[in-house]
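Shown next, in structure tokens, is the structure this report addresses.
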Amino acid sequence: GDLLNRFTQRHRQPAHASRSTSPEPTMNELLEALALDQFVPYFQPKADLLTGAISSAEALARWRHPVRGLIPPDSFIPLMEHHGLIDQLTEQIVAKTAFAWRKWDSEGKRYEISINLSLSSLSNPGYAARLSSILEGNDIAPSYIVFEVTESAAMSDLPHSLENLARLRMKGYGLSIDDYGTGYSSMQQLIRIPFSELKMDRSFVTAACKDNAQVLVLASSLALARELRLRSVAEGVETAADWRLLRRLECRYAQGYLIGKPMPQSDFLDGVALWDAA
Ligand code: C2E
Ligand code: CA
Ligand code: CA
Ligand code: CA
């Protein structure tokens with residue numbers, strides 16, 4: 122029984138494995154990539170639907186592979202979670218995001234930046250302290266950083282997750298519920314965890330633009346955000362029609378290909394200037 126268990130453990134594939142045709146990176150390759158600093162954040166702008174101006178960005182991890190080129194996060198984030206490497210990745214993304222913030226600041230531009238956290242990191246006591254020490258060491262005021270977490274049933278079961286999130290919020294960082302509407306949603310969690318932002322999932326936005334009945338779903342989530350005094354952000358804004366609908370529904374911020382794709386740090390200010398000039 123024990124042998125068989127070990128065998129199946131070793132051969133169990135993460136759920137996404139069949140989706141990719143490229144060979145799945147091994148743990149050693151991931152460790153090497155971490156050591157060689159090959160993971161970088163790309164930055165996708167977000168616009169304020171009231172003013173139309175770019176207000177903020179989301180840091181999205183990419184693997185700059187010397188042979189395979191740019192690898193998207195779906196091909197390595199689940200694996201890094203599986204191998205217990207995600208905390209290290211996040212710390213590198215946080216440090217590089219701080220570096221980007223300072224670079225833009227030196228050019229007179231200040232943007233709020235969102236960073237994605239994995240739930241598995243949050244069960245780690247002291248994780249909030251580690252993240253904030255990286256940011257404090259780089260002199261970034263907490264009001265410029267938002268941490269995005271995907272809501273999940275697991276969250277409320279883990280006292281450490283609650284504690285980490287509460288600590289981050291108490292320090293003044295923003296806390297966003299990512300992919301709102303896709304998974305387990307409960308008022309209980311919205312109230313217990315001191316979130317500051319609700320991020321509507323892309324599928325919500327897409328559906329609302331295609332189907333009038335779906336507009337109600339989006340509108341009621343936005344009403345909930347207002348009621349709870351949470352900032353609202355919509356992702357997957359791809360068309361001018363999406364933009365108009367969200368404005369009409371009084372969503373505050375928009376993120377999506379209409380406004381800009383994720384860009385390397387060096388292209389971000391030019392990308393923003395292009396949008397702000399239009
Ligand atoms: P997410 O946090 O929901 O990020 C939004 C994803 O939607 C990004 O995919 C972004 O490029 C994509 N997107 C943005 N606008 C549009 C649009 O208008 N249309 C369409 N079709 N897609 C759009 P990406 O960069 O491939 O990231 C995928 C997921 O990987 C993220 O989903 C997030 O869950 C995860 N991820 C990325 N970076 C990190 C990280 O540093 N740490 C952790 N833990 N997870 C990360
Ligand atoms: Ca996100
Ligand atoms: Ca999302
Ligand atoms: Ca997502």
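First residue of the sequence shown: 122, per UniProt numbering; consecutive thereafter. Quick reminder that beta carbons are idealized off the backbone N, C-alpha and C, glycines included.
Which residues in the same chain as Pro-146 place their Cβ atom closer than 7 Å to its Cβ, once the five residues preceding and following it in sequence are excluded? For Pro-146, where only same-chain residues beyond five positions count, the Cβ hits under 7 Å are Phe-197 and Leu-200.
Is it buried or exposed, Glu-228, if we count other Cβ atoms within 10 angstroms and call 16 or more buried? Glu-228 should be labelled exposed.
Using the three-state DSSP reduction, which class does Glu-284 fall into: helix, strand or coil? Reduced to three states, the DSSP call for Glu-284 is helix.
Quick one: what does DSSP say Leu-151 is sitting in, helix, strand or coil? Reduced to three states, the DSSP call for Leu-151 is helix.
Nearest candidate by alpha-carbon position, reference Cys-372, set Ile-380, Ser-353 and Glu-150: Ranking Ile-380, Ser-353 and Glu-150 by Cα distance to Cys-372 puts Ser-353 first.
Alpha carbon to alpha carbon, how far is Ala-375 from Ala-287? Give it in angstroms, no decimals. Answer to the nearest angstrom: the Cα atoms are 26 Å apart.
Residue ranges of each alpha helix (DSSP H) within the stretch 157-204, 4 or longer: With a minimum length of 4 residues, the unbroken runs of alpha helix (DSSP H) contained wholly in the stretch 157-204 fall at 198-203.
Nearest-angstrom Cα separation, counted from Asp-260 out to Arg-347: So the two alpha carbons sit approximately 32 Å from each other.
Using DSSP with H/G/I as helix, E/B as strand and the rest coil, what is Gly-392? Three-state DSSP puts Gly-392 in a helix.
Limits of the unbroken beta strand (DSSP E) element including Arg-352: Note, Arg-352: beta strand (DSSP E), 352-355.
Inter-residue Cα distance where the pair is Cys-396 and Gln-165: A small correction: the amino acid at residue 396 is Trp; Cys does not occupy that position in the sequence shown. Distance between the alpha carbons of Trp-396 and Gln-165: 12 Å.
Quick one: what's Val-338 bridged to in DSSP? Listed as beta-bridge partners of Val-338 by DSSP are no residues whatsoever.
Provide the residue span of the beta strand (DSSP E) that contains Ile-234, from first to last. In the DSSP annotation of this structure, the continuous segment of the beta strand (DSSP E) that includes Ile-234 starts and ends at 233-237.
Three-state secondary structure (DSSP) of Gly-122: With a pLDDT of only 41 at Gly-122, under 50, the local geometry of the prediction cannot be trusted, and no value is derived from it.
Report the residue from Ala-180, Pro-383 and Phe-220 whose alpha carbon sits nearest the alpha carbon of Ile-236. The residue with the shortest Cα to Cα distance from Ile-236 is Ala-180.
Based on Cα-Cα distance, which residue from Ala-361, Pro-187 and Asp-322 lies nearest to Ser-342? Per the Cα distances, Asp-322.
Beta-carbon spacing of Val-358, Glu-318 below 9 Å: Not a contact, by the Cβ cut-off of 9 Å.
Nearest-angstrom Cα separation, counted from Val-188 out to Ile-314: The straight-line gap from Cα to Cα measures roughly 43 Å.
According to DSSP, residues forming a beta bridge with Leu-249: Contrary to the premise, residue 249 reads as Ala rather than Leu in this sequence. Paired residues: none, contrary to the question.
Where Gln-310 and Ser-244 are concerned, what is the direct C-alpha to C-alpha distance, given to the nearest angstrom? Rounded to the nearest whole angstrom, the C-alpha separation of Gln-310 and Ser-244 is 16 Å.
Tell me the residue span of the alpha helix (DSSP H) that contains Val-326. That run of the alpha helix (DSSP H) goes 323-331.
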